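Enquirer: The C-terminal residue of the sequence shown carries number 526 in the numbering used here, and the numbering is unbroken. We put the beta carbon where it would ideally sit given N, CA and C, even for glycine. Model, not experiment: these values are computed from the prediction.
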Amino acid sequence: MHAMDLLLKKRDGGELSTAEIEFFVRAVVRNGEAKLGHPAGDVDGAGETITDAQMGAFLMAVFQRGLSLRELGDLTRAMRFSGETFDGVAEGFGAMKPLMVDKHSTGGVGDKSSLLIAPIVAAAGMVGEPRIAVPMISGRSLGHTGGTLDKLETIPGFDSQLSMQRMGEVLRECHAVLVGQTPRLVPADRILYGMRDHTGTVESPFLICASIMSKKLAESLDGLVLDVKVGSGAFMPTYEQSRFLAELMVSTGEGAGTKTVALLTSMDEPMGRFSGNWVEVWECVEILKGVRHPMSADLVELALMLSGWMLHVGGKAGSPEEGAAMADEMLRSGAAYAAWLRIVAAQGGDVRVFEDPAGFQRPKATRVLRAARAGYLAGMDCKEVGWAVQRLGAGRARPGDPVSAHAGIESHAKVGDWIEAGGAIFTLFSEDEALLAEPYRMLEATVRLEDAPPERQSLVREVVRG
Ligand code: URA
Numbered sequence: 061m062h063a064m065d066l067l068l069k070k071r072d073g074g075e076l077s078t079a080e081i082e083f084f085v086r087a088v089v090r091n092g093e094a095k096l097g098h099p100a101g102d103v104d105g106a107g108e109t110i111t112d113a114q115m116g117a118f119l120m121a122v123f124q125r126g127l128s129l130r131e132l133g134d135l136t137r138a139m140r141f142s143g144e145t146f147d148g149v150a151e152g153f154g155a156m157k158p159l160m161v162d163k164h165s166t167g168g169v170g171d172k173s174s175l176l177i178a179p180i181v182a183a184a185g186m187v188g189e190p191r192i193a194v195p196m197i198s199g200r201s202l203g204h205t206g207g208t209l210d211k212l213e214t215i216p217g218f219d220s221q222l223s224m225q226r227m228g229e230v231l232r233e234c235h236a237v238l239v240g241q242t243p244r245l246v247p248a249d250r251i252l253y254g255m256r257d258h259t260g261t262v263e264s265p266f267l268i269c270a271s272i273m274s275k276k277l278a279e280s281l282d283g284l285v286l287d288v289k290v291g292s293g294a295f296m297p298t299y300e301q302s303r304f305l306a307e308l309m310v311s312t313g314e315g316a317g318t319k320t321v322a323l324l325t326s327m328d329e330p331m332g333r334f335s336g337n338w339v340e341v342w343e344c345v346e347i348l349k350g351v352r353h354p355m356s357a358d359l360v361e362l363a364l365m366l367s368g369w370m371l372h373v374g375g376k377a378g379s380p381e382e383g384a385a386m387a388d389e390m391l392r393s394g395a396a397y398a399a400w401l402r403i404v405a406a407q408g409g410d411v412r413v414f415e416d417p418a419g420f421q422r423p424k425a426t427r428v429l430r431a432a433r434a435g436y437l438a439g440m441d442c443k444e445v446g447w448a449v450q451r452l453g454a455g456r457a458r459p460g461d462p463v464s465a466h467a468g469i470e471s472h473a474k475v476g477d478w479i480e481a482g483g484a485i486f487t488l489f490s491e492d493e494a495l496l497a498e499p500y501r502m503l504e505a506t507v508r509l510e511d512a513p514p515e516r517q518s519l520v521r522e523v524v525r526g
C-alpha cells in the first residue's frame, strides 16, 4: 500500500478498507516516532511511510468527504490500539475486576462536574455488586474552555502524570484515578491532533469523534457517558452539529462493545458559581462537604444526572433516576467527600488545603461588574465569558504556558434572575491588576439585561442512546 493511493481514494469520495485505515494509522505513528528519534521508519520493510504533507492532505480529504460509520469505527479502533491501553490496569484487579465506567464532556465554561462525579461514582462503586471504577483521563484548557487537569494541579503536590503501574494502584485503592494522557497512550491521536491544529481540520465531527473515542476506549471501558454541550458556550456551533457528533460517538462506542449514552446539555452560561482553576476546586470541595450554594445548583444537578447515568450503564442502578438518587446519597452521607480525600491523597495532593478552601490561593486583584440598569439577566455569549476567564490568566496563550491558580470569575446571577441597578453580576479575579481591564470590558459587552424574563432552557436537552 502507498499513502498516496489512500489519500487519492478518499479525496475522490471512495470508501477505505479496514486494512487501508490500519495502514494509515501505523504510518502516522511511525512518522511521529521517527521525529521523536525513536527507531521507526520502514523498520520491517512494510513500506508503511507517510509524509507530513500526505497526512495533512488525508485529514483534509476526510474533512471534506466524511467517513462511513464502518470507516469511523476502523479509524477509532486503529487509533485506540496505536499505543498502550488500560487493559493491563483492568487486569490488575484479578477476579475482583470492577466494571470500568467514565464520562467525557466536550468542554464548557465553569464545567467542573468531573471533580464531583469521580468521587461520587467511586464511593458508590466501592460497595456491593457490581463494583465500579472510574479511570478518568482528562485534558487541559482548550480554546475558551477550562481543563480538569489545570484545576486539579492547583492542589499542592497533586500529580496527574502517573505511570501506568501507579494508575492501576490508585484505581484499585480508590476506585477512581484522575490523570492526563501519557505519551504512550493513543500516540496516533497526539500526532493527528497536532496536525489538525494547523491544517484547518479540527472541526470535522468524524475526526473529533475518532480523537475523543480512541482515548476513551483505550481506558478499556464497559460504560461511557458523554456530556455533549449545546448553546453559545459549546464547541459545536449549532444544536444539530452537536447532536450529529453525539450520534457518531454513541454509535462508535456501542460498535466497540462499550455501553454508550450521550446527554445534550445546555452551555449558555457558566456552570455553577465559579469559573477558573482553584476557584472551581473550592466550589466542588464545598459541595462535597455538604454546602449547597444557590449558584451551584445547576452544577449539582448536572453532576447527579451524569453520575446517575454512569451508575446505570455500569449496572449498579436500574434506571438513571435511581442512579441519581444513589449519587445524591453519596454526597449527603459524606461518602463522596471521603472518596475525594482518598483520591487526592493517593495522587500526592495536600488535602489540608480543603480545610479552608476560601482562604487558600486568595486572588491579588478583584473587580466587580455591576448592572448599569435593573432588569432580568436575559443572556450572554457564553464563549465570550470563557475567553474572559482565560484572559484573566486561567488559560494559556500558547501550549505549555503556565496557568494561574487564582484567576477566574464568580457569577452572582443566573439567566432569568432579576438584578437591581448596581447589583453585582460577576466578580473578576486575577493575579495581576493589569489583566482585569480587557475581560471586564468583554463581560460588560456580552451581558444582556432586559425588562421581560427570558425563556428558561432545561439543563438536559436530549438523550442520545445506542
Ligand atoms: N477533544 C479531543 O480530545 N479531541 C478533539 O478533536 C476535540 C476535543
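Given a cut-off of 8 Å on the beta-carbon distance, is the pair arginine 51 and leucine 238 in contact?
Expert: The displayed coordinates of the chain run from 61 to 526. Any statement about residue 51 would go beyond what the structure contains.
Enquirer: At a threshold of 7 Å, does isoleucine 192 count as lining the ligand URA (C-beta to nearest heavy atom)?
Expert: Because no heavy atom of the ligand URA lies under 7 Å away, the Cβ of isoleucine 192 does not count as near it: no.
Enquirer: Name the DSSP bridge partner or partners of lysine 349?
Expert: Answer by DSSP bridge pairing: none, since lysine 349 is not bridged.
Enquirer: Out of Ala384, Ala406, Thr208 and Glu381, which one is the CA nearest neighbour of alanine 465?
Expert: It is Thr208 whose Cα lies nearest to the Cα of alanine 465.
Enquirer: Is isoleucine 272 near the ligand URA, in the sense that its beta carbon is under 7 Å from a heavy atom of that ligand?
Expert: Correct: isoleucine 272 has its Cβ closer than 7 Å to the ligand URA.
Enquirer: In the structure shown, what three-state DSSP assignment does methionine 160 receive?
Expert: Looking at methionine 160 - three-state DSSP - the assignment turns out to be strand.
Enquirer: Are tryptophan 338 and glutamine 450 closer than 8 Å when you measure CB to CB?
Expert: No, these two residues do not count as a Cβ contact at 8 Å.
Enquirer: Do you know how far the Cα of glycine 460 is from the Cα of tryptophan 478?
Expert: Taking the straight line joining both Cα atoms gives about 41 Å.
Enquirer: Given 7 Å as the limit, tell me if leucine 284 has its C-beta closer than that to any heavy atom belonging to the ligand URA.
Expert: Every heavy atom of the ligand URA is 7 Å or more from the Cβ of leucine 284, so no.
Enquirer: If you follow the alpha helix (DSSP H) that threonine 78 is part of, which residue opens it and which one closes it?
Expert: Run containing threonine 78: 78-95, per the alpha helix (DSSP H) assignment.
Enquirer: Can you check the stretch 148-211 for any beta strand (DSSP E) of at least 3 residues that lies completely inside it and give the ranges in chain order?
Expert: Runs found: 159-165 and 192-198.
Enquirer: Where does lysine 69 fall in DSSP's three states?
Expert: In the structure shown, lysine 69 sits in a helix (DSSP, three-state: H, G or I).
Enquirer: Provide the residue(s) that pair with threonine 325 in DSSP beta bridges, ordered along the chain.
Expert: Threonine 325 pairs with Lys289 and Val520.
Enquirer: Leaving out the 5 sequence neighbours to the left and right, which residues in its chain are closer than 6 Å to alanine 138 when beta-carbon positions are compared?
Expert: Closer than 6 Å at Cβ, skipping near neighbours: Ile81, Glu82 and Val85.
Enquirer: Give the straight-line distance between the Cα atoms of valine 187 and valine 181, rounded to the nearest whole angstrom.
Expert: When rounded, the distance between both Cα atoms is 11 Å.
Enquirer: For threonine 506, report the span of its alpha helix (DSSP H) as first-last.
Expert: Counting along the chain, the alpha helix (DSSP H) containing threonine 506 begins and ends at 497-506.
Enquirer: Where does glutamate 444 sit, in a helix, a strand or coil, going by DSSP?
Expert: Residue state, collapsed to three classes: helix.
Enquirer: When burial is assigned at 16 or more other CB atoms within 10 Å of the CB, is glutamate 131 buried or exposed?
Expert: Glutamate 131 should be labelled buried.
Enquirer: Thinking C-alpha only, which one of Leu66, Leu127 and Ser367 is nearest glycine 185?
Expert: Residue Ser367 is the option with its Cα nearest to glycine 185.
Enquirer: Who does arginine 430 pair with in a DSSP beta bridge?
Expert: DSSP lists Ala484 as partners of arginine 430.
Enquirer: Please determine whether the Cβ atom of glycine 168 lies at a distance below 7 Å from any heavy atom of the ligand URA.
Expert: It does not: the Cβ of glycine 168 is nowhere closer than 7 Å to a heavy atom of the ligand URA.
Enquirer: If you compare alpha carbons, which of Met390, Arg232, Ala63 and Ser518 is closest to leucine 159?
Expert: Per the Cα distances, Arg232.
Enquirer: Could you check whether the Cβ of glutamate 253 sits closer than 7 Å to any heavy atom belonging to the ligand URA?
Expert: The identity of residue 253 in the sequence shown is tyrosine, whereas the question assumes glutamate. Within the cutoff, so yes.
Enquirer: Provide the residue(s) that pair with valine 373 in DSSP beta bridges, ordered along the chain.
Expert: Valine 373 pairs with nothing; no bridge assigned.
Enquirer: For glycine 105, which of helix, strand or coil comes out of DSSP?
Expert: Only weak support exists for where glycine 105 lies, its pLDDT of 46 falling under 50; the value from the coordinates is given anyway. Three-state DSSP puts glycine 105 in coil, outside helix and strand.
Enquirer: Can you tell me the Cα-Cα spacing of threonine 166 and threonine 145, whole angstroms?
Expert: Whole-angstrom Cα-Cα distance: 22 Å.
Enquirer: How would you write the range of the beta strand (DSSP E) that leucine 239 sits in, first residue to last?
Expert: The sequence shown places valine at residue 239, rather than the leucine named in the question. Unbroken beta strand (DSSP E) run through valine 239: 236-240.
Enquirer: Could you pull the DSSP bridge partners for alanine 425 from this structure?
Expert: BP columns for alanine 425 point to Ser490.
Enquirer: Spatial neighbours of glycine 217 within its chain, please: C-beta separation below 8 Å, excluding the five flanking residues on both sides.
Expert: So the list reads Gly408, Gly409 and Asp410, once near-sequence residues are dropped.
Enquirer: Distance, Cα to Cα, glycine 35 vs glutamine 124?
Expert: Nothing can be reported for residue 35, as the shown portion of the chain is limited to 61 through 526.
Enquirer: How would you call glycine 73, buried or exposed, if buried means at least 16 neighbouring beta carbons within 10 angstroms?
Expert: Classification for glycine 73: exposed.
Enquirer: Secondary structure at glycine 435, three-state DSSP: helix, strand or coil?
Expert: In the structure shown, glycine 435 sits in a strand (DSSP, three-state: E or B).
Enquirer: In three-state terms, what does DSSP make of phenylalanine 304?
Expert: Helix.
Enquirer: For the stretch 510-518 against the stretch 427-444, do three or more pairs of beta-carbon atoms, one drawn from each stretch, fall closer than 8 Å, so that the two count as touching?
Expert: A contact exists between the stretch 510-518 and the stretch 427-444.
Enquirer: Starting from glutamate 382, follow the alpha helix (DSSP H) in both directions and report where the run begins and ends.
Expert: Residues 380-393.
Enquirer: Do three or more CB pairs link the stretch 193-206 to the stretch 161-178 at distances below 8 Å?
Expert: Yes, the stretch 193-206 is in contact with the stretch 161-178.
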